[in-house]
Amino acid sequence: AQSVAQPEDQVNVAEGNPLTVKCTYSVSGNPYLFWYVQYPNRGLQFLLKYITGDNLVKGSYGFEAEFNKSQTSFHLKKPSALVSDSALYFCAVSPWGGFKTIFGAGTRLFVKA
Amino acid sequence: GAVVSQHPSWVICKSGTSVKIECRSLDFQATTMFWYRQFPKQSLMLMATSNEGSKATYEQGVEKDKFLINHASLTLSTLTVTSAHPEDSSFYICSASFLVRGRTEAFFGQGTRLTVV
């Protein structure tokens, strides 16, 4: 079965420190990979996506993600966290040949001042 | 980039009434639209897939008679929650897909928060 796993329900980081939000996937073929952020009572905001090419993808608000095909991972990273980065982050995949988006369970990020 | 707009952003309705949520693709014709539901502190769960001019395909466990989906045009899909009950209170998000360089990509609306009292 196709699935996306975000192993951490919550990540706590001090402001200014680097952050990583983990994501692994189990999808056949060559999927598109996405990260979205959701602020309280708001819809999804697109952060970045990987289609092909360079394994390090740069996105909005200073976020980047590293695609690792052998480990089937697509971890979200930021060199220096901000308090305003505190939100709910979703990893998602869109399988090859299809367009259904499969979401991970989400990881809540808390950045402490 | 492509824009998907949902209306209303939030709605409060009385138990037993019906509520309609609109999803519009503003600058492209969407081949397919999707409706998701998000429970508090949980991920998005796909409810149904709709193609213009045909009946929606519902995911297992989703009541098609309760969640009526109409995809009347390539830019508009509606979700009607019929005879709403408090347990239908949730965050509903739509997405619309179209072809980008030979691959379909999905773009998401801002969501609709439904509260049934």
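First to last, the sequence lines map onto chains P and H.
Each number in my numbering comes from the position in the first sequence (counting from 1) with 58 added on.
Each number in my numbering comes from the position in the second sequence (counting from 1) with 4 added on.
Note that the Cβ used here is the ideal one computed from N, Cα and C, for glycine as well.
Just so it is clear, the structure is predicted and the values come from calculations on it, not from any experiment.
Proximal residues of chain P, C-beta to C-beta of isoleucine 97 of chain H below 9 Å: On the second sequence, position 93 is the one that residue 97 of chain H refers to. What isoleucine 97 of chain H touches in chain P: Gly101, Leu102.
Serine 99 of chain H burial status per 10 Å Cβ neighbour count (16 or more: buried): Locating residue 99 of chain H in the second sequence gives position 95, counting from the first residue. Answer is buried; the Cβ neighbour count reaches 16.
Residues of the region 44–64 of chain H whose Cβ lies closer than 9 Å to any Cβ of chain P, in chain order: Lys45, Gln46, Ser47, Leu48, Met49, Leu50, Thr53
Sufficient close CB pairs (3 or more, under 8 Å) joining the region 117–136 of chain P to the region 17–34 of chain H: no
Min CB distance lysine 158 of chain P to chain H below 8 Å: Here residue 158 of chain P refers to the residue found at position 100 of the first sequence. Judged by the 8 Å Cβ criterion, lysine 158 of chain P is in contact with chain H.
Which residues DSSP lists as bridging threonine 119 of chain H, in chain order: Reading the second sequence from its first residue, position 115 is the one you call residue 119 of chain H. Answer by DSSP bridge pairing, in chain order: H:Ile16.
Which of helix, strand or coil DSSP assigns to valine 115 of chain P: In the first sequence, counting from the first residue as 1, residue 115 of chain P sits at position 57. The answer is strand: DSSP assigns valine 115 of chain P an E or B state.
Boundaries of the beta strand (DSSP E) in which asparagine 55 of chain H is found, first to last residue: Mapped onto the second sequence, residue 55 of chain H falls at position 51. Looking at the DSSP string, the run of the beta strand (DSSP E) that includes asparagine 55 of chain H is 48–55.
Residue range of the unbroken beta strand (DSSP E) whose run includes asparagine 126 of chain P: Here residue 126 of chain P corresponds to residue number 68 of the first sequence, with the count starting at 1. Run containing asparagine 126 of chain P: 122–126, per the beta strand (DSSP E) assignment.
Own chain partners of leucine 48 of chain H with C-beta closer than 8 Å, once the 5 adjacent residues on each side are dropped: For the purposes of this step, residue 48 of chain H is taken as residue 44 along the second sequence, with counting starting at 1. Short of 8 Å from the beta carbon of leucine 48 of chain H, and not among the five residues preceding or following it, lie these beta carbons of its own chain, in chain order: Tyr40, Arg41, Gln42, Ile97.
Selected residue, minimal CA-CA separation from leucine 103 of chain H, among H:Met37, H:Thr119, H:Pro44: Translated into positions along the second sequence, residue 103 of chain H becomes position 99. It is H:Met37 whose Cα lies nearest to the Cα of leucine 103 of chain H.
Candidates P:Ile109, P:Gly74, P:Ser61, P:Pro76, of which the one nearest asparagine 88 of chain P by Cα: Taking the first sequence and counting its residues from 1, one reaches residue 88 of chain P at position 30. Per the Cα distances, P:Ile109.
Neighbour-count burial assignment, tyrosine 83 of chain P, 16 or more Cβ in a 10 Å radius: The count along the first sequence starts at 1 and reaches residue 83 of chain P at position 25. Buried.
Under 8 Å from the C-beta of glycine 115 of chain H: neighbouring residues of chain P: Within the second sequence, numbered from 1, the residue matching residue 115 of chain H stands at position 111. Within 8 Å Cβ-Cβ: Arg100, Gly101, Leu102.
Residues that leucine 80 of chain H bridges to, as DSSP identifies them: Residue numbering aside, residue 80 of chain H sits at position 76 when the second sequence is read from its first letter. According to DSSP, leucine 80 of chain H bridges with H:Arg28, H:Ser77.
Residue closest to aspartate 31 of chain H, alpha-carbon to alpha-carbon, out of H:Ser101, H:Arg117, H:Ile25, H:Val120: Position 27 of the second sequence, counting from 1, holds the residue named residue 31 of chain H. Nearest C-alpha to aspartate 31 of chain H: H:Ser101.
Buried versus exposed, by CB contacts within 10 Å (16 or more), glycine 162 of chain P: Counted from its first residue, the first sequence places residue 162 of chain P at position 104. Buried: at least 16 other Cβ atoms inside 10 Å.
Short CB-CB distance (under 8 Å) between alanine 100 of chain H and chain P: Here residue 100 of chain H refers to the residue found at position 96 of the second sequence. It does not; no Cβ of chain P falls within 8 Å.
DSSP three-state assignment for valine 69 of chain P, whether helix, strand or coil: Counting from 1 along the first sequence, the entry for residue 69 of chain P is found at position 11. In the structure shown, valine 69 of chain P sits in a strand (DSSP, three-state: E or B).
Selected residue, minimal CA-CA separation from leucine 102 of chain P, among H:Leu118, H:Phe95, H:Val120, H:Glu63: Start at 1 with the first residue of the first sequence, and residue 102 of chain P comes out as number 44. Of the candidates H:Leu118, H:Phe95, H:Val120, H:Glu63, the one whose C-alpha sits nearest the C-alpha of leucine 102 of chain P is H:Phe95.
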